[in-house]
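So for the sequence shown, this note's numbering puts the first residue at 1; every next one is plus one.
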Amino acid sequence: MADAVDRLRSALSDRYTIERELGSGGMATVYLAHDLKHDRKVAIKVMRPELSAILGGERFLREVQIAAKLNHPHILALYDSGRAAEVQEGSTQEFLYYVMPYVEGESLREKLNGEKQLSVDEAISITKQVGAALDYAHEQGVIHRDIKPENILVYRGEALVADFGIALALSAAGGTRLTDTGLSLGTPEYMSPEQATGERELDARSDMYSLGAITYEMLVGEPPHTGNTVQAIIAKVVSAEPQPVSRVRHSVPSNVNAAVMTALAKTPADRFGSGAEYVAALTNPAFAMATSGVVTEPVSQWSWNRLSTLAVSAAVLFAMIALWGWLRSSTTTELSAVHASILLREGEEVGSSNGKEIAISPDGSRLVYVMGLSGRSPLVIRSLNQTTGTPVPETEGASDPTFAPDGESVAYRDSESGALRVVSLDGSLPQTIVDSVRYDCLDWASDEMLYYGSMDGGISRVSASGGEPEVLTQPDSPDALISYRHVDVLPNGKGALLVLWRGDFETASIAAVEFASGVVRELVRGFHPQYATSGHLVYGQSDSRREGNLLAANFDQESLELGPSIPVIDGMSRSKGYGLSATGTLVYESSNEQRGLQPVWVERSGAEQAVDPDWQGRLYWPALSPDGNRLAIAIDGTDGRHIWIKTLDRGPLQRVTFEGRTNQPSVWSPDGQYVLFGSRPAPQGPGVWRKNVDGTGPMSLVFGVDQFVSGMTISGDGQWLVFAEGPTWGNADLYAMRLRIDSVPIPLLVTEHGEDAPALSYDGQWLAFASEETGRSEVYIRPFPNVNDGRWQASTDGATAPVWARNGRELFYVNASSELVVAEVRTEPTFVVQSRRCCFLLRTIGPLNGGTSTL
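Listed below in structure tokens is the structure:
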């Protein structure tokens with residue numbers, strides 16, 4: 001090696017001074033040199049001797065000359081090229097070389113070796129720059145053919161593409177493979193399938209595949225295909241599908257996953273035609289693709305402010321499937337379905353509840369859905385042949401829509417007043433049928449009656465034209481954990497399908513009830529049942545990842561016998577349901593649970609900043625530590641929902657619970673040493689548990705509860721814990737416990753109205769909470785612990801999720817329009833709300849940890 005370098009120095013001594021070797025690869029060695037003529041540092045790439053012999057000096061210089069004409073900010077310039085020969089002991093040694101600027105940065109390979117994965121933003125930025133360089137070269141008729149991390153230099157955030165010259169010369173010399181030397185043009189991990197097989201002329205789409213493979217590696221940490229030998233890798237490149245990016249790294253947004261997988265398509269025609277197209281897809285949240293019957297939805301960004309609030313903001317993608325072609329066939333035949341995607345306008349969202357927010361007309365021609373832009377969300381009607389929907393007048397606050405049998409009217413429930421209403425789609429104003437009912441998921445049956453389940457158990461019905469409600473069934477023995485929901489009347493009119501709701505989707509089950517006898521027969525675990533005219537029961541079910549899957553099973557409406565289930569779709573939103581028409585068209589929204597949830601800091605002005613740009617996932621119930629430096633968060637995984645501790649902003653994330661199935665919500669101890677949280681570990685049942693945040697020690701039970709904990713707060717001195725317990729949110733009661741004194745909780749506020757979201761002031765003297773005593777949720781204040789000594793209403797326009805500022809003079813809550821409101825309060829000589837001011841719009845609100853005082 002020393003002799004070779006010495007000969008090189010000698011051959012180039014009149015123009016360059018070779019200083020040291022920078023690196024070497026299979027085809028060339030790179031040296032740092034001093035350009036004597038221009039007094040500058042340069043990098044000289046010298047071909048291996050055996051490769052130089054194959055290339056030939058004339059061909060090499062001719063092809064490199066083409067690359068020298070490329071002039072782009074993200075292409076490493078070509079200063080010079082040449083051939084140098086030295087005769088030694090009768091033999092001639094020829095050196096083919098070209099000269100480039102010396103860049104002090106590192107190659108992308110070196111960067112990846114150190115960091116393994118890059119942030120999504122940095123990966124997209126590098127892809128954008130390389131894509132622009134390739135687009136420019138392609139316009140000049142130049143295909144790189146060897147895009148790989150080693151050929152991309154990164155310096156101060158700028159990417160430079162190198163080695164166009166070698167690729168051109170090698171291509172002219174022998175195409176993809178140079179079998180005489182064992183060398184090949186292209187690195188197997190980044191070769192396109194057509195390049196690997198040599199079956200067709202390469203074009204710009206081959207470079208797009210290579211760029212897609214690089215983006216994949218930047219996001220995942222390794223190329224899409226790996227193997228122990230070149231042959232093994234090429235075999236995978238040609239025939240195997242890579243794992244989706246979002247399956248390997250769950251925080252990657254869905255549109256980024258879809259764009260990368262499109263770039264990696266086996267067939268060139270299925271890829272992007274240019275880097276600009278690729279980058280546009282990477283940066284467009286609405287980009288989606290349908291492949292192999294799976295619809296990939298756009299990402300939905302969830303965020304929280306410094307009050308530990310979660311809010312969702314994104315366009316929503318519906319998916320439609322024509323089902324009857326296989327539902328009517330034998331369940332043993334291969335299933336097939338036709339998918340279509342419906343993208344809502346920018347800024348539109350679908351409301352969310354445990355009911356149903358999407359419906360389709362019986363003939364499958366129109367959709368109606370709740371537009372979740374605020375807490376007073378209107379219904380939107382949209383024909384499938386239209387690109388936009390139309391809000392239905394005077395339907396703000398709607399939930400649980402259902403079509404009339406003729407498809408010309410829609411019944412729904414007003415989420416604030418509880419009124420059951422019917423609106424004709426001809427432009428008429430809504431008519432109130434019942435002033436207030438407590439039900440979930442309405443069904444408009446063929447007998448022109450509206451059926452609904454009771455939150456207390458049982459099924460009622462009322463004429464769609466008005467009248468007195470009639471109770472059809474009541475449970476034999478009321479179960480505090482069960483309410484009747486999601487009623488779907490069978491076509492024979494003898495009974496209905498319903499859900500036995502026990503507090504969450506995981507424990508819900510589907511049953512059939514006979515109206516005549518009132519007998520309820522439990523059928524299968526699941527939710528959102530609907531009888532299909534093909535003779536099937538279609539229903540949802542949560543999987544281990546807490547996502548919604550849709551299944552179907554043969555069902556006899558006379559005998560109420562259920563056959564074996566078969567899968568229909570994966571990734572349905574559990575909280576928004578689906579619509580199924582009599583013609584077999586299914587409409588659903590892809591699961592929010594699959595989307596990236598990203599924490600952000602939100603100032604009072606509404607300005608957002610990502611906590612950690614690379615942190616996304618299935619994140620719930622955030623709680624800031626007392627010092628504001630750590631975040632306790634519930635994260636969904638394959639083994640349930642567990643508590644993790646994140647050091648802010650870009651610090652490590654550590655899992656602290658390994659027991660239990662659903663661990664949430666959590667509150668910090670005042671000293672920041674442990675968290676308390678509700679949990680439902682089997683087989684002990686629900687309870688409040690404690691775990692050290694450093695991960696030491698097991699989970700320890702503080703006390704058991706009969707139902708489910710849906711909100712907690714702890715006083716600043718750590719003496720009092722107040723929590724909400726009940727079968728569902730909004731149907732709970734408040735209890736208190738002195739942590740080092742009481743052995744059992746003390747009833748605090750137990751009423752028929754339902755209280756939730758407790759929040760103690762930092763000094764422990766005031767308790768804020770949400771109550772539905774007026775028919776809609778409002779925030780109230782009571783002194784603590786003597787809650788009967790006073791009562792004040794803090795909100796006036798519907799509210800929930802109160803959070804105290806640490807100074808005790810401000811109370812934050814979310815109003816019915818999904819705006820964050822700050823109320824300035826005075827506590828002496830008596831409690832007074834002095835002013836209220838809206839800070840910013842949160843849109844649709846997710847789980848809130850109201851008990852965390854962080855300001």
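We put the beta carbon where it would ideally sit given N, CA and C, even for glycine.
Item: Beta-ladder partner(s) of Y735, from DSSP; Value: F723, P747
Item: Classification of D694 by the beta-carbon crowding that lies within 10 angstroms, buried from 16 upward; Value: exposed
Item: Counterpart residues of Y216 in DSSP-defined beta bridges; Value: In the DSSP output, where bridge partners are listed per residue, Y216 has none listed.
Item: Helix, strand or coil at A359 [DSSP, three-state]; Value: strand
Item: Heavy atom of the ligand MN within 7 Å of D556 beta-carbon; Value: Inclusion of the ligand MN in the displayed structure is not the case, the ligand content being empty and no account of it being possible.
Item: Status (buried if at least 16 other CB within 10 Å, exposed otherwise) for G606; Value: exposed
Item: T127 - DSSP class collapsed to helix/strand/coil; Value: helix
Item: Buried or exposed (CB count within 10 angstroms, at least 16 for buried), D733; Value: buried
Item: Terminal residues of the beta strand (DSSP E) in which I234 lies; Value: Not the beta strand (DSSP E): I234 falls in the alpha helix (DSSP H), residues 230-239.
Item: Distance, A265 Cα to F840 Cα; Value: 43 Å
Item: Residues bridged to T402 [DSSP beta-bridge criterion]; Value: A411
Item: Helix, strand or coil at D706 according to DSSP, with G and I counted as helix; Value: coil
Item: Selection from A757, N113, V702 that minimises the alpha carbon distance to I741; Value: V702
Item: Distance, V833 Cα to F784 Cα; Value: 17 Å
Item: Inter-stretch contact (C-beta, 8 Å, three-pair minimum) for the segment 199-210 and the segment 253-260; Value: no
Item: Status (buried if at least 16 other CB within 10 Å, exposed otherwise) for Y451; Value: buried
Item: Contact under 8 Å by Cβ, A33 with V46; Value: no
Item: Beta-carbon spacing of P401, V422 below 8 Å; Value: no
Item: Endpoints, alpha helix (DSSP H) assigned at L425; Value: First-last for L425: undefined, no H or E at that position.
Item: Alpha-carbon spacing of Q231 relative to D614, whole angstroms; Value: 35 Å
Item: Nearest candidate by alpha-carbon position, reference R604, set V434, D797, A823, G535; Value: A823
Item: Presumed contact (8 Å Cβ cut-off) between I358 and Y588, rounded CB distance; Value: 7 Å
Item: Beta-bridge partners of F840, as assigned by DSSP; Value: L820
Item: Straight-line Cα distance separating W792 from T583; Value: 53 Å
Item: Helix, strand or coil at E448 according to DSSP, with G and I counted as helix; Value: coil
Item: Burial state of T696, where buried means 16 or more other Cβ atoms lie within 10 Å; Value: exposed
Item: Cβ-based burial, R20 [other Cβ within 10 Å; buried from 16]; Value: exposed
Item: Given 8 Å, three or more beta-carbon pairs between the segment 270-289 and the segment 114-132; Value: yes
Item: Identified DSSP bridge partners for H536; Value: A532, N554
Item: First and last residue of the uninterrupted beta strand (DSSP E) at M699; Value: Segment: none, M699 is in no beta strand (DSSP E) and carries neither H nor E.
Item: Which listed residue (K691, Q474, L586) has its alpha carbon closest to that of A632; Value: K691
Item: For E772, the nearest candidate out of Q765, L749, D789 (CA to CA); Value: L749
Item: Rounded C-alpha distance that separates G293 from D717; Value: In this prediction, G293 scores a pLDDT of 28, lower than 50, which makes its location untrustworthy; the coordinate-derived value is nonetheless stated afterwards. Their Cα atoms are separated by approximately 56 Å.
Item: Proximity to R366 [Cα-Cα], best of I66, E408, K356; Value: E408
Item: Outcome for Y97 when other beta-carbon atoms lying within 10 angstroms are tallied against a minimum of 16; Value: buried
Item: Beta-carbon separation (whole angstroms), G726 vs G754, contact threshold 8 Å; Value: 7 Å
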